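Chains as they are written, first to last, in this note's numbering: chain A, 1419 to 1837; chain B, 1419 to 1837; chain C, 1419 to 1837; chain D, 1419 to 1837.
Number of protein chains: 4
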Amino acid sequence: MYRQSRNKRKIINDPVHGFINIPGELIFDLIEHPWFQRLRRIKQLGLTHFVYPGATHTRFQHALGAVHLMGQAIGIIRSKGMEITDEEAEAVTVAILLHDIGHGPFSHTLESGFIENINHEVLSSVIMEKLNVEFKGKLSMALDIFHNVYPKKFLRQLVSSQLDMDRLDYLKRDSFYTGVTEGVIGSDRIIKMLEVVDDELAVEAKGIYSIEKFLIARRLMYWQVYLHKSVLSAEYLLVMLLRRAMELASRGEKLFATPSLEFFLYNRFPEGIEKDHLNPAWESIIRNFTLLDDDDILVSAKVWINHSDKVLSMLCSDFVNRNLYKIQLQNYPFEEERIGELRKEVQAFYKLDMADTKYFVFSESIANNTYSTADERIKIVYRDGTIKDIAEASDILNLAVLSKEVRKYFLCYPKELAR
Amino acid sequence: MYRQSRNKRKIINDPVHGFINIPGELIFDLIEHPWFQRLRRIKQLGLTHFVYPGATHTRFQHALGAVHLMGQAIGIIRSKGMEITDEEAEAVTVAILLHDIGHGPFSHTLESGFIENINHEVLSSVIMEKLNVEFKGKLSMALDIFHNVYPKKFLRQLVSSQLDMDRLDYLKRDSFYTGVTEGVIGSDRIIKMLEVVDDELAVEAKGIYSIEKFLIARRLMYWQVYLHKSVLSAEYLLVMLLRRAMELASRGEKLFATPSLEFFLYNRFPEGIEKDHLNPAWESIIRNFTLLDDDDILVSAKVWINHSDKVLSMLCSDFVNRNLYKIQLQNYPFEEERIGELRKEVQAFYKLDMADTKYFVFSESIANNTYSTADERIKIVYRDGTIKDIAEASDILNLAVLSKEVRKYFLCYPKELAR
Amino acid sequence: MYRQSRNKRKIINDPVHGFINIPGELIFDLIEHPWFQRLRRIKQLGLTHFVYPGATHTRFQHALGAVHLMGQAIGIIRSKGMEITDEEAEAVTVAILLHDIGHGPFSHTLESGFIENINHEVLSSVIMEKLNVEFKGKLSMALDIFHNVYPKKFLRQLVSSQLDMDRLDYLKRDSFYTGVTEGVIGSDRIIKMLEVVDDELAVEAKGIYSIEKFLIARRLMYWQVYLHKSVLSAEYLLVMLLRRAMELASRGEKLFATPSLEFFLYNRFPEGIEKDHLNPAWESIIRNFTLLDDDDILVSAKVWINHSDKVLSMLCSDFVNRNLYKIQLQNYPFEEERIGELRKEVQAFYKLDMADTKYFVFSESIANNTYSTADERIKIVYRDGTIKDIAEASDILNLAVLSKEVRKYFLCYPKELAR
Amino acid sequence: MYRQSRNKRKIINDPVHGFINIPGELIFDLIEHPWFQRLRRIKQLGLTHFVYPGATHTRFQHALGAVHLMGQAIGIIRSKGMEITDEEAEAVTVAILLHDIGHGPFSHTLESGFIENINHEVLSSVIMEKLNVEFKGKLSMALDIFHNVYPKKFLRQLVSSQLDMDRLDYLKRDSFYTGVTEGVIGSDRIIKMLEVVDDELAVEAKGIYSIEKFLIARRLMYWQVYLHKSVLSAEYLLVMLLRRAMELASRGEKLFATPSLEFFLYNRFPEGIEKDHLNPAWESIIRNFTLLDDDDILVSAKVWINHSDKVLSMLCSDFVNRNLYKIQLQNYPFEEERIGELRKEVQAFYKLDMADTKYFVFSESIANNTYSTADERIKIVYRDGTIKDIAEASDILNLAVLSKEVRKYFLCYPKELAR
């Protein structure tokens, strides 16, 4: 039973943007909804606070911040003569508010594997559809924008593109909370220079330097924060302990867990369910998913320290007490031989089964491209109406590098083996 | 098994203070200890993020911030000719680092009642004593300072007094994270004006205005943040749901819980245990306590939504989904009659036993005095050596009011009854 | 010949408020006017940069900042249901833009004496009246507000009262530029809590703590910046050198000066001219005054270092090279005897005429009251409509002290005499 | 007569860096010296405040800021094991303090032409040499560093190189005061990553992203601030009016001027004087130069508005009242024909001699390269000791573009002609 609040607070203090106004009752009611409140319990940057202790901010705050920037963007675009109706303004605001609603705990970490065959975009869609039913169709236009079927294409770009309100908020917020002040971007200034040309977002030419700086700041945040070595090491430790837990679960072993976590540990979902939103399995998936957050994982790991499985116990102890593994990064894959040797050492040192050493010595790869040409591009509009891609408009940024995916390989192993 | 880290990182990014240097290996090793790492999982301001979503910072960050300020204070005091030996510097830094080590989840909320007969100062002491054993006596001087038996009294004041590094950090940090920028205090400036006179901390006379502003900012933080109506309402909702859980536990009913939480739900401790640090009961208390954090409470509340006890279920649902109760504040106690009537309404509305209405309609009181004369006072030192209490030195601040405890009474009840 | 600008830039970068929008063409044209441009050459805080080197900001910036805050205040007041027509909004904005137009160089310093019988309010009035003629009557409503004859009294309060946009800007700006971060006030928050009750500005009750902090911050700025000892010493050194210059001028001695400065050095104005705005003398007064700024004084002082009058030469050398005099402050007047002795010493040391020692050894007094009851008071409005004076509403601030003028006496003399 | 100050204040408030400590008595005495105090009267960014009103900061503040950063850099480099003796520390600090001592008013503007045959580096040298005599040889090592003859080359690099304390302060300070927050650089972080390798400054490899951002921020500041169109237009208006004044002076016409300005208007200096520091002409040059600042130029322009020469009068009126000329920028020179036509129009419109139209219609060029390979390069040092140029180490920045000078041509003419 969800009881409706009567006293609708309209202004929220935000350390990043100052005062945030909640624009209208629908947005207010969505924020109050338990499914949105869940985002209070999901950290925006997962385990990054292991390295940057300040980074404990949540997806809840981020979503509110993105709503705030959306309000600014709507105002600027309207002031330049492009029409956005009040309905459209509400819809695009709902879309940005709910863009992360389908994220689970430690989302980037758990993306691959934990919930088989279902990704967070699909979860977002299904949850938004269910909310639309509950809110009697008031979210239909927002869903159209979200699914990119609404005629005004630029509205979708405000929600998801190279310069969407999502990025403009999270880059600023993440640099604020990590204390990596160099990552701060001029969201306000970029938004002030947004225009709509031929139904697409573009940036006024005098904004080129701001965009260059935005791209460089983003790149800096990637290498200094998002893909920080110790953060990666922590995240993969979590991946490993969950893989082990799922392995034990699949063998039928009993594991302490909250009911929601238990549901996902012990259930697998059929291929194709992503496209079949009417599948009855969704009922229990959503019910459990909307109660699942960072805390379920964290308390279980604490309890599993005392599990009889030595592998699980060791991984959990290292994770909970932040005993991170040594990590090496390089631009090419690590040799199988090196990995094999380390596994042998681990096997000897901890007296493990050889098969279980893969949880302690592992190599994977990560990729990042600062400015993907696959995504929609950042367009610069000149006074005479000419439009150019930023990669072409900027003479200083290296187009080839900017657009190229940077892939790095890493190798982790316990510090005890480090020499 | 706690394995020693080899790669000792020395600088930590902090959004509040910038770069924080970890001063020395002992401090580093204490920070790495699982018992200190636990503070990462305890929010500094408990449920305040229900009102100020940015306030998700932890006791871990706060302790590091206080260490940073301690380093500044030591430098300033030494530069003014007062000796602090290297050992004393390390000891007072250890003392400030560990000053909150005994805090449990939602500490202020749970202080009364949850762990019977044991308060957080005692827990801090016992934990520090155990750490001292583990670290082979290296914490002895810190313990002496902490227990105020070390000869140089001013060292204790740096850890605990009206102007200790604890307050100077938390006021600044809390205002930073809540976004209540008006609460920001000039820690740097206050520290620059610290002096030691007759073995006591004092502030140079030209710092009077800064101290006035510090007191006013602190008062503002009290009423705007620490004792914010909605924060109080949330905290007491949590108190109520835990009281109910303990009541059910005492009746022998089964409740989902992590092992650590279970330990405290189902055990009571003898009177006098606080003074008896050698009591064997401490062994299991500390083992469980050092694994207990905010998450244990939060996940249990989520699970208890589906508990068969209607009272517990309702309280947990309201708590998890942030359906806060209406709260009224006044300067005198609420009439029993009014409370009785509201309880009757609740009873009728929710079809409860009359005895259980006390969980939904309740009145308690809170108190705050900005500048307690019971505590050590803030001393102002003039050029000619004269020393005055700030309440005497400042002509603008109202001595009587400053020193007087402000007590407020509040009454909570479900919004459904609000008119 | 003043040629009209065609390209009307609309947004100005401001380090304090971010982007400032110029609201409309009339405001733009007034800013472009040479008489307003003059404010670029008048430092907001006169000689304060002798102590706080960062404080080089000008009255020009301050006036733009106040316009920015006025826009916020208008928006907030309208949003609470109080009508402000577009004409009124423009008029009150013009009034705040021009509120300092009559300030001369080092205004507070030169207020008494330099331009006999004319104060800056009168100059502002006369200049605004002349602008009104030039702008064909478009400033009439602004003048009515300025002169407090416009029916809606609260508009005048936005321009001049305890919480006017003038103070809200200058306190924030002065603390920003001096680097006295403790003086920062929450202008945004205070403006958000403004209301109009019975045609008067009032602050919502929940804003009490912000107002308390505003008053304390203001007091801090007074004693730490505006009345800083060394700033006083510098300002009175300037007063002394100008007095000497005027004395020489009145004796008919030739002094290097720009034509505008020469005009004021060698002319005196009749009593009563303040009330006689049609007096033909105003023509030349305004023509010269609108070309006079800080630079005229500063370059003259540099040249006068080589003047044959030893007194003027010494004063100018000390001023230009920032060789400030020793200053003592106390709460009661200095004894004539002490002053006399110091003068004798100065006379002997520098071999001066006794009559001239008054330029090197002098005592005056300054006063400040943080919250004058003579001014309009700050009103707090409660939810039930009750209105209280802040001094009554706040229990912590000492009414008697707040409202009482604090007068301090100071004594200056060359450092060479200091013991 | 310069009288020595006795009360040596040691801490200065700076809005950019917080508290600045004056390190030692020699630095203190140099700051107190009239020749250094003159920098209070020279704006760091000349006429930039015409566009960014906040940019009124002075070379005085900047020099103190650079001293502050030098202190940090010395500390970091020492902490990494490289010896810097106390004498060297003082010398390199003196060198950075005085690096701008030879700058005249509006230095970049006046560089070419105003003081014939003498540039500001030479003036700095001569002034420092004279100070060295006055301070009895205490500046000798600083001079050696300044002239790059001191053995430890990296000390010179701290004063003048791609990453010297000069740039690290001015970029941060200029972006702070203009309000162009995007130009803010992480001085603190860059300094933390400085190392000395083979007697040269280098940056740790993990600092690559910070350096990339530094270069991008610098580029942004160039195009957005230093070479802003309206700033250029204002600066060249000033160049024109001074050229006209000098032309009139060379014809023997009388011009209002302070004695110092008069000296430079009516005197020309022999070729070769730059290398002949013992030339007796230096005596009067330095005496007058050290009394010359922005104000001398500004007040003269005000007075010259009423000069009988129509060209000078018009230029001064436009300058003082900020009636800036229209400016066009392009990548190639403007056609003589176009310039000729505009001059004809000006001639007709203002009824000028054809020869005088060059003051109102003119075209020049400006150049900037973000990272000159002619200058010393930024070196990146890897863990294994390898050293790379940043242009090589960074894959994203375009080497060719970075190192290439960007030359732009501009054309100015009165707005009246604009179409």
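The beta carbon of each residue, even a glycine, is placed where N, CA and C say it ideally should be.
The structure presented is a predicted model; accordingly, all values stated were derived computationally and were not measured.
Contact belief for residue i with residue j at Cβ below 8 Å, rounded distance in angstroms
| i | j | result |
| --- | --- | --- |
| glycine 1601 (chain D) | methionine 1639 (chain D) | 4 Å |
| valine 1738 (chain D) | arginine 1761 (chain D) | That pair is no contact at about 24 Å. |
| proline 1362 (chain B) | tyrosine 1654 (chain B) | Lying before the first or after the last residue shown, residue 1362 (chain B) is absent from chain B, which here runs from 1419 to 1837. |
| isoleucine 1814 (chain D) | asparagine 1816 (chain A) | 5 Å |
| glutamine 1462 (chain C) | threonine 1476 (chain C) | 6 Å |
| proline 1433 (chain C) | tyrosine 1595 (chain D) | 6 Å |
Beta carbon proximity, residue i to chain A, threshold 8 Å
| i | result |
| --- | --- |
| tyrosine 1420 (chain D) | Low local confidence applies: a pLDDT of 34 at tyrosine 1420 (chain D) is under 50, so the model's placement there is unreliable, with the coordinate-based value given in what follows. No - not a single Cβ of chain A is within 8 Å of the one on tyrosine 1420 (chain D). |
| arginine 1585 (chain B) | no |
| proline 1441 (chain B) | no |
Opening and closing residue of the beta strand (DSSP E) in which residue i lies
| i | result |
| --- | --- |
| phenylalanine 1778 (chain A) | From DSSP, phenylalanine 1778 (chain A) is part of no beta strand (DSSP E); its letter is neither H nor E. |
| aspartate 1736 (chain C) | Premise fails: aspartate 1736 (chain C) lies in the alpha helix (DSSP H), 1728-1738, not in any beta strand (DSSP E). |
| valine 1434 (chain D) | Valine 1434 (chain D) -> no beta strand (DSSP E), and no H or E assigned at all. |
Residue i at chain D interface by Cβ criterion, 8 Å
| i | result |
| --- | --- |
| lysine 1720 (chain C) | yes |
| aspartate 1617 (chain B) | no |
| asparagine 1431 (chain A) | no |
| aspartate 1606 (chain B) | yes |
Residue nearest to residue i in terms of C-alpha spacing, selected from the options
| i | options | result |
| --- | --- | --- |
| isoleucine 1745 (chain D) | D:Arg1795, D:Leu1448, D:Phe1564 and D:Ser1783 | D:Ser1783 |
| serine 1726 (chain B) | B:Arg1662, B:Asn1786, B:Pro1832 and B:Arg1740 | B:Arg1662 |
| aspartate 1616 (chain A) | A:Phe1572, A:Ile1440 and A:Ala1623 | A:Phe1572 |
| glutamate 1755 (chain B) | B:Ser1731, B:Ser1781, B:Asp1774 and B:Leu1730 | B:Ser1781 |
| isoleucine 1440 (chain A) | A:Leu1515, A:Ile1494, A:Ile1495 and A:Leu1576 | A:Leu1515 |
Min CB distance residue i to chain B below 8 Å
| i | result |
| --- | --- |
| glycine 1436 (chain D) | yes |
| arginine 1418 (chain C) | Since the first residue shown for chain C is 1419 and the last is 1837, residue 1418 (chain C) is missing from the structure and cannot be characterised. |
| aspartate 1813 (chain C) | yes |
| aspartate 1774 (chain D) | no |
| tyrosine 1627 (chain C) | yes |
Cutoff 6 Å; reference residue i; Cβ partners in own chain excluding five residues on either side
| i | result |
| --- | --- |
| aspartate 1562 (chain B) | Tyr1568 |
| isoleucine 1438 (chain B) | Ile1430, Asp1432, Leu1482 and His1486 |
| leucine 1829 (chain D) | Gln1746, Phe1752 and Ser1781 |
First through last residue of the alpha helix (DSSP H) which encompasses residue i
| i | result |
| --- | --- |
| alanine 1481 (chain A) | 1477-1497 |
| glutamate 1671 (chain B) | No alpha helix (DSSP H) holds glutamate 1671 (chain B); DSSP gives it neither H nor E. |
| glutamate 1834 (chain B) | From DSSP, glutamate 1834 (chain B) is part of no alpha helix (DSSP H); its letter is neither H nor E. |
| valine 1577 (chain C) | 1571-1577 |
Cutoff 8 Å: residue i Cβ touching any chain C Cβ
| i | result |
| --- | --- |
| aspartate 1582 (chain A) | no |
| tyrosine 1644 (chain B) | no |
| asparagine 1786 (chain B) | no |
Same chain, Cβ closer than 7 Å to residue i, neighbours up to 5 away in sequence not counted
| i | result |
| --- | --- |
| leucine 1656 (chain B) | Leu1465, Phe1524, Thr1527 and Phe1737 |
Contacts around residue i, its chain only, beta-carbon distance under 8 Å, and the 5 residues preceding and following it disregarded
| i | result |
| --- | --- |
| alanine 1675 (chain A) | Leu1683, Asp1714 and Ser1718 |
Chain G residues whose Cβ lies nearer than 8 Å to that of residue i
| i | result |
| --- | --- |
| glutamate 1823 (chain A) | Given the protein chain composition of this structure (A, B, C and D), no chain G is represented. |
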